[in-house]
Every structure is written in structure tokens, then in C-alpha cells.
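One structure is given here, and the rest of the page talks about it.
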Amino acid sequence: MSYKQTKIFNVDKINDEDKKREYISDAAMWISEGEVVAFPTETVYGLGANALDEKAIAKIFEAKGRPSDNPLIVHIANREQLSELITDITPAAEKLMEAFWPGPLTIIFKKKGPIAPNVTAGLDTVAIRMPSHPLALKLIEAAN
Numbered sequence: 000m001s002y003k004q005t006k007i008f009n010v011d012k013i014n015d016e017d018k019k020r021e022y023i024s025d026a027a028m029w030i031s032e033g034e035v036v037a038f039p040t041e042t043v044y045g046l047g048a049n050a051l052d053e054k055a056i057a058k059i060f061e062a063k064g065r066p067s068d069n070p071l072i073v074h075i076a077n078r079e080q081l082s083e084l085i086t087d088i089t090p091a092a093e094k095l096m097e098a099f100w101p102g103p104l105t106i107i108f109k110k111k112g113p114i115a116p117n118v119t120a121g122l123d124t125v126a127i128r129m130p131s132h133p134l135a136l137k138l139i140e141a142a143n
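For the sequence shown, numbering that gives the first Met the number 0 gives the first residue as 0, with consecutive numbering after it.
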């Protein structure tokens with residue numbers, strides 16, 4: 000398994016907006032190339048990869064020593080991204096999204112589409128969250 004050279008940037012502490020955009024763009028590019036990046040949310044730092052790329056997701060499980068039967072959370076930057084990932088939104092989920100997204104709430108939906116099977120541990124549901132951390136949202140949007 001090949002990995003990019005580890006680079007650590009505390010983007011939150013960078014005041015130069017151009018430099019910040021450059022680092023976010025680099026991280027998004029690494030994600031598109033099947034690599035794993037660490038990024039902040041409002042609750043924790045997490046490892047992120049392309050949720051549609053089974054090999055990239057396997058790298059997260061390997062890095063964390065996470066059992067393959069323990070599903071991951073898919074992060075989105077906006078509600079429009081849901082239409083590609085889930086079958087429908089229940090009235091209860093709609094109320095929760097209106098009240099708590101973006102924010103630290105993960106909602107379980109029936110999955111559809113191209114989500115890598117190892118993300119969901121083979122289940123027919125997917126855990127989805129829209130973080131409120133501005134850097135996380137920018138990275139997720141840039142990585143699409």
C-alpha cells in the first residue's frame with residue numbers, strides 16, 4: 000500500500016486565506032486520488048476519504064485498526080448531496096436536519112447509489128452527518 004508523505008498543517012491558525020485555500024485544495028486532491036486526510040469537525044478530528052472508493056475506505060479501517068463490521072460516517076457539505084446517497088428522507092429525519100444540521104448529529108438513512116460497501120459494513124443503511132466546522136465543510140465541498 001502506498002501513502003503520500005505525511006504533511007501536517009494547522010489550517011485553523013493560518014490567517015492567509017489564499018494559503019488556507021491552497022491547503023484545502025491539496026487535501027481535496029489527495030482524497031480524489033484515494034488517499035486519507037485528517038480534518039477537524041466541531042467535535043473531533045477525523046480521518047476522511049472518498050466514500051465511493053473502497054480502497055481508500057480500507058485505508059481508514061487499517062489506519063484506525065477498526066473492525067470491518069463497524070460502519071463509518073459519511074460527511075456531506077450540503078443537503079443536495081443526500082440525493083445521490085440515500086433513498087428517502089423521513090419526516091422525523093427532516094425535522095432533525097432542520098434543527099441540528101449543520102452540526103454534530105449523525106442520522107441513519109437507507110442507502111442507495113455508489114457508496115463503497117465497506118463504508119456501511121455491508122448494511123443497507125448509511126450514517127450521514129453534516130458538520131458545522133467551516134474547514135470541514137470547505138474540504139468536503141472541495142472533495143465533492
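Just so you know, even glycine gets a beta-carbon here, dropped at the ideal spot from N, CA and C.
Note that this is a predicted model, so its numbers are computed, not measured.
Helix, strand or coil at residue i [DSSP, three-state]
i	result
K137	helix
Element boundaries [beta strand (DSSP E), containing residue i]
i	result
L46	Y44 to G47
I127	T124 to R128
According to DSSP, residues forming a beta bridge with residue i
i	result
P39	Y44
Residue span of the alpha helix (DSSP H) that contains residue i, given as start and end
i	result
I30	E16 to S31
When the options are compared against residue i, the one with the closest alpha-carbon
i	options	result
E53	A62, I72, G33 and P66	G33
E16	K94, P133, D87 and F38	P133
P130	N77, A141 and T119	N77
E83	V73, A91, P90 and A92	V73
K58	W29, I13, A126 and L122	W29
I106	I75, P113 and P116	I75
L104	N14, E41 and I23	E41
V43	D68, G102 and N69	G102
A126	L136, K137 and L71	L71
A120	A92, I88 and I56	I56
R65	N143, K137, V118 and A135	V118
T86	K137, F60, I114 and A62	I114
Residue-chain proximity (residue i, chain B), Cβ-Cβ < 7 Å
i	result
K63	Protein chains in the displayed structure number just one, and chain B is not present.
Legend entry - Uninterrupted beta strand (DSSP E) stretches inside the region 42–122 (no shorter than 3 residues): Correct list: 44–47, 72–74 and 105–109.
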